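Just so you know, our numbering puts 464 at position 162 of the sequence shown, and the rest follows in order with no gaps.
Everything below concerns the one structure shown next.
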Amino acid sequence: MKKTVVTGLLTLFLLAALAQEAIISEEYIPFTTYSFNDPDPVARPGSIFPYFRFDGFSYSPEVVKHKMIVLENKWIKVWVAPDIGGKVWGALDKKTNKYFIYHNNVVKFRDIAMRGPWTSGGIEHNFGSIGHAPTTSTPVDYSWQKNDDGSVSCFVGAIDLASRTEWRVEVRVPKDKAWFETISHWNNPTDLKTSLYHWENASADGTNDLRFYFPGSAEIGHGGEPGEWPVLKDGRDVS
């Protein structure tokens, strides 16, 4: 009888420990999709050479299953899209069932990025040339793993041909926290100098009560102009 009780307790402890660990999986999830097409056969000279552009954008939606790496623990659920630039597609607070990183239920590519196609939502990774990077809507390298501390990680990355640099972003969900990390690595393996230009473009649902808290007292505008943060000179609080 004692052996049975001890065995039962050990089983419960093991199950409880496993329940606290984060999990990760690879899925194909259907989305209403407005695709892009019509690749230019000739790469244009300029800041993104040798990449070519895509000039065709669909106005007729179709349902497409997109590859998603799903990372989650007890508190949050995060989607990463390796075939769409490796962007974090969205993040959900499982207790409130609300997205704290905007999860777009439609994949709608439009001519906005340096190479053409761009779609909104999530967290977008940009390295190399100024603007939305050439890899923002196309497949990138990826891998995923379970870590010894109970967390899970998805790695996405690519070679930026224009700058001849290599970038990688780790998206890590801890086993017992209601947040996730993005850890960036950028390497120039050549002896040539290149621009140091990197930015993460994050999206949140723009509700009336949304506030954006970020340290600092200055900002750089879209055109490169300096400004004050978070209260502008005209008195507007843009946080």
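We put the CB at the ideal spot given by N, CA and C, even for glycine.
None of the values given here were measured: they were computed from a predicted structure.
- Nearest neighbour of Lys448 by Cα position, chosen from Phe457, Val442, Thr440 and Pro441, turns out to be Phe457.
- By alpha-carbon distance to Lys535, the top candidate from Gly526, Gly525 and Glu521 is Glu521.
- Non-local C-beta neighbours of Pro528 in its own chain, meaning closer than 7 Å and more than five positions away in sequence, comprise Ala520 and Ile522, ordered along the chain.
- Classified as buried, Val380 has 16 or more neighbouring CB atoms from the shown chains inside 10 Å of its CB.
- With a cutoff of 8 Å on beta-carbon distance, Gly430 and Ile403 are scored as not near each other.
- Nearest Cα to His434 within the set Tyr515, Lys396 and Lys389: Lys389.
- Between His405 and Trp391 a beta carbon distance of about 6 Å is seen, short of the 8 Å cut, so the two are scored as contacting.
- Rounded to whole angstroms, Ser541 and Trp501 show a C-alpha spacing of 19 Å.
- Where Ile350 is concerned, there is no enclosing beta strand (DSSP E), because DSSP gives it neither an H nor an E.
- For Arg355, the number of other beta carbons within 10 angstroms of its own is at least 16, and it is reported as buried.
- Between Trp377 and Thr440, the alpha-carbon positions lie close to 30 Å from each other.
- When the Cα atoms are used, Glu530 and Arg538 turn out to be separated by approximately 10 Å.
- Per DSSP, the beta-bridge partners of Lys369 are Tyr330.
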